[in-house]
Amino acid sequence: MFVQKISGLLWVSVLLFGSAQARSSMDHDLPTRNIAGISVVNTTIVQAAEGFALDHSSNAVYKHVMRSWLYGVLMLDANKTLSRSVDREIHAVATLLHDLGWDKTEN
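Numbered by mature numbering (1 follows the signal peptide of the UniProt record, and there is no 0), the letters in the sequence shown go through residues -22 to -1, 1 to 85 in order.
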């Protein structure tokens, strides 16, 4: 069941981000919100990934992935080359879901 959830989320990501290279220059048009004074992407898929991480992670792991995401955003903001070439949504989803191997919820 867990694998099916991840598989479904990955398919949605592929469908939504199929044109990520073309969209990366338009990231400034995406909705944002502030977390700890850092402006992050706030799209439906990012919200879903954050909710999924919260539901399937321990408190410590969830805080870790949130810190990882925020730190990554700070690095992107500090480097113009990276900022222009990295899709903020893909970065957010990948960072938020990178530790799902630690998930201990029942299938």
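Even for Gly, the Cβ is constructed at its ideal location relative to N, Cα and C. Here the structure is a predicted model, which means the values were calculated and not measured.
Per DSSP, Val51 is not a residue of any beta strand (DSSP E); the alpha helix (DSSP H) it occupies stretches across Asn37 to Ala56. Apart from the 5 residues on each side of it in sequence, Ala14 sits with its Cβ closer than 8 Å to the Cβ of Leu48 in its chain, given in chain order. The stretch 30 to 43 and the stretch 57 to 68 do not touch, with fewer than 3 CB-CB distances between them shorter than 8 Å. Beta-bridge annotation (DSSP): Thr21 is not paired with any residue. Shortest Cα-Cα distance from Val51 to any of Arg11, Pro9, Ile16 and His42 involves Ile16. Here Thr73 carries a helix assignment [DSSP, helix/strand/coil].
Taking all protein chains in view, the Cβ of Met53 is surrounded by fewer than 16 other Cβ atoms within 10 Å, so the residue is classified as exposed.
Of all alpha-carbon atoms in Asp7, Arg45, Ala56 and Lys82, the one lying nearest the alpha-carbon of Leu74 is that of Arg45. Leu8 and Thr21 do touch by the CB rule: their CB atoms are close to 6 Å apart, below 8 Å. In the three-state reduction of the DSSP assignment, Thr59 falls in the helix class.
In this chain, the beta strand (DSSP E) harbouring Thr10 covers Thr10 to Ile13.
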